[in-house]
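Colleague: If you use our numbering, the sequence shown corresponds to residues 170 to 528, in order.
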Amino acid sequence: MKDDNAVTGYRGTGRLQFINDTKIQYLNDIPLQMGFQPFIDVEFPHVETDVPRIPHNIHQIWIRHHNNTETDIEVPEQFEQYMKTFPKYNPNWKYYFWTHRASRKLLEESHPELLTFYDRTLVPVQKSDLMRYVVVYEFGGLYADLDTSCLRSLDIVTTKYACIVLPEPFENGIIWENIPYRIPNGVFMCRAKHPFLKQVLRTISEIKTVEARPTLIGPLFFTSQYRRYNNISDNDVYRVNIIGDTSSPYFYKGELPETHDDAIYIPNTRYFLDQPHPWNRGIIKRVCENPSNATLIIKRMCVVYTRRGFNRKPSNFTFLEHAYTFSFDSEIDWSKRKYIPVSKIQNNVQSYNWTGSFT
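(1) Is the region 240-248 touching the region 207-221 in the sense that three or more CB pairs, one from each, lie closer than 8 Å?
(2) Assign S272 to one of two classes, buried (16 or more other C-beta atoms within 10 Å of its C-beta) or exposed (fewer than that).
(3) For A252 versus G310, is the C-beta distance shorter than 8 Å?
(4) Could you spell out where the alpha helix (DSSP H) holding A271 opens and where it closes?
(5) Since G204 and V406 are thought to touch, with beta carbons under 8 Å apart, how far apart are those beta carbons, to the nearest angstrom?
(6) May I have the straight-line CA-CA distance separating K422 from K507, to the nearest angstrom?
(7) Considering only their Cβ atoms, is the gap separating V518 from P383 smaller than 8 Å?
(8) Alpha carbon to alpha carbon, how far is A463 from T392? Give it in angstroms, no decimals.
(9) What whole-angstrom Cβ distance do F365 and I433 have, given they're in contact under 8 Å?
(10) Between N354 and G387, which are expected to be in contact by the criterion C-beta below 8 Å, what is the C-beta distance as a whole number of angstroms?
(11) Can you give me the C-alpha to C-alpha distance between I459 and N261, rounded to a whole angstrom?
(12) Give the range of the alpha helix (DSSP H) segment to which T254 is assigned.
(13) On the DSSP letters alone, give me the boundaries of the beta strand (DSSP E) that N226 sits inside.
(14) If we ignore side chains and look at the alpha-carbon of each, how far apart do Q444 and R469 end up?
(15) Taking its Cβ as the centre, do 16 or more other Cβ atoms sit within 10 Å of N174, making it buried, or is it exposed?
(16) Roughly how many whole angstroms lie between the Cα atoms of E269 and R476?
(17) Of all the alpha helix (DSSP H) runs that stay within the bounds of the region 446-521, which reach a length of 4 or more residues?
(18) Does S318 come out as helix, strand or coil in the three-state DSSP assignment?
(19) Between which two residues does the alpha helix (DSSP H) containing G310 stretch?
(20) My output table needs one value for P350: the three-state DSSP class, helix, strand or coil.
Here is the structure:
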């Protein structure tokens with residue numbers, strides 16, 4: 170891995186030398202110039218193998234309330250440009266599309282304890298949030314929101330780790346919640362039956378009151394579940410664990426070795442979700458014009474902003490991009506949008522049917 174010689178701010182030496190020379194425990198122990206993760210331009214960590222640890226399945230979901238007709242397997246046409254990138258770069262992966270009808274059938278057969286939550290919520294994105302956890306737990310593979318674009322083959326991503334969840338651009342968590350990181354649920358990938366997702370589903374099954382809130386089991390919930398799974402306390406949120414020659418963000422991720430079958434790997438944002446939310450452009454610019462009186466975490470964010478700017482162009486090593494189309498927005502009347510069959514976007518679409526099998 171290329172060393173960050175020019176960016177550490179530590180006596181002109183590189184990141185690895187800084188790690189070797191310094192006892193660091195918390196984010197504020199790291200020079201601001203080092204940001205939140207290594208500034209990298211290298212290939213994603215992988216191993217040579219013919220057997221992937223994460224199966225080559227792509228899962229996508231669009232739920233229209235109680236639609237049990239053939240129009241169930243349709244999506245708003247605006248998503249076509251993103252969806253078609255997955256078979257383009259991953260022609261040998263299986264593609265699964267999940268609808269209201271298919272989702273409820275799978276729950277009846279595999280997770281009846283979750284039917285109450287599914288049926289009570291009138292918010293489609295809550296149903297979608299639930300089902301992304303269910304289908305990846307049951308079958309393994311990648312889940313991706315419909316506004317996610319694939320830029321190159323994902324094959325090597327599946328070779329080394331058993332479960333991969335992706336941090337948002339650090340700016341999002343800092344601006345919205347004043348926290349050093351958020352783990353969104355719009356893209357993630359795991360082996361089947363991973364205990365992290367088992368914990369997530371168990372927690373949802375214990376929810377007694379289903380609030381009509383789109384974010385109920387969304388990114389903040391997913392972040393809290395990640396922390397719970399790895400025994401990361403409130404005091405640990407600002408802890409760091411920099412392990413030698415790694416591209417992973419600095420924050421503490423628990424004690425399991427990252428290649429353990431039950432572990433969760435956190436990749437550098439440069440590989441997947443690197444672009445800050447467009448809502449944050451103005452406030453980041455304003456805050457970073459004069460950050461002298463800001464908190465250290467804001468100052469760190471501004472160092473990254475000054476170095477990289479707001480618009481983040483994908484590198485040769487970037488796999489995915491997210492378009493932020495706000496599919497969860499209750500102000501959007503999706504019933505008035507033009508829909509197209511998924512079969513016109515993807516060949517060999519696998520859809521779960523009434524018999525409990527795929528067609």
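Note that CB positions come from ideal geometry on N, CA and C, so glycine has one too.
Modeller: Concretely, from the data shown:
(1) no
(2) buried
(3) Contrary to the premise, residue 252 reads as Met rather than Ala in this sequence. No. Outside cutoff.
(4) H269 to S279
(5) Not quite, the Cβ-Cβ distance comes to about 17 Å (not below 8 Å), so this is no contact.
(6) 43 Å
(7) no
(8) 25 Å
(9) 6 Å
(10) 6 Å
(11) Here residue 459 turns out to be Asn, not Ile, going by the sequence shown. Rounded to whole angstroms, N459 to N261 spans 50 Å at the Cα level.
(12) T254 to Y258
(13) N226 to I230
(14) 17 Å
(15) Unreliable placement is indicated for N174, whose pLDDT of 43 sits below 50; the coordinate value is still reported in the next sentence. When all chains shown are included, N174 counts as exposed.
(16) A small correction: the amino acid at residue 269 is His; Glu does not occupy that position in the sequence shown. Taking the straight line from one Cα to the other gives about 45 Å.
(17) 450-458 and 465-477
(18) strand
(19) Premise fails: G310 lies in the beta strand (DSSP E), G310 to A313, not in any alpha helix (DSSP H).
(20) Looking at the sequence itself, residue 350 is Tyr, so the reference to Pro does not match. DSSP places Y350 in coil when its eight states are reduced to three.
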